[in-house]
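In what follows, a single structure is set out as structure tokens and then discussed.
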Amino acid sequence: ESGRANCLLHMARLLRVGGQGLVYAWAMEQVEGSTGSRKFSSQDVLVPWHLQKRYETSKDGE
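In our numbering, the protein residues as written are 327 to 388.
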């Protein structure tokens, strides 16, 4: 729990006044066969961020 609380404290410290942060969480226990269900080997899992190509911008700013 302290790691999660520490993460939120750091987010609050880094955000500008009035800024917004986004935190996603989901249950480790999921209904088997439900949409998007997965089996997790541990409770804390790093989920990599992959920007969809349609949202990418070219290096020259277009």
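Positions of the beta carbon are idealized from the N, C-alpha and C atoms, including for glycine. Fair warning: this is a prediction, and the values are worked out from it, not measured in the lab.
Nearest-angstrom beta carbon gap, residue j and residue i [assumed within contact, 8 Å]
{"i": "G344", "j": "M337", "result": "In fact, because the Cβ distance is near 14 Å, the residues do not count as touching under 8 Å."}
Range of the contiguous alpha helix (DSSP H) that encloses residue i
{"i": "R330", "result": "S328 to L340"}
Where residue i sits in the DSSP three-state scheme
{"i": "Y381", "result": "helix"}
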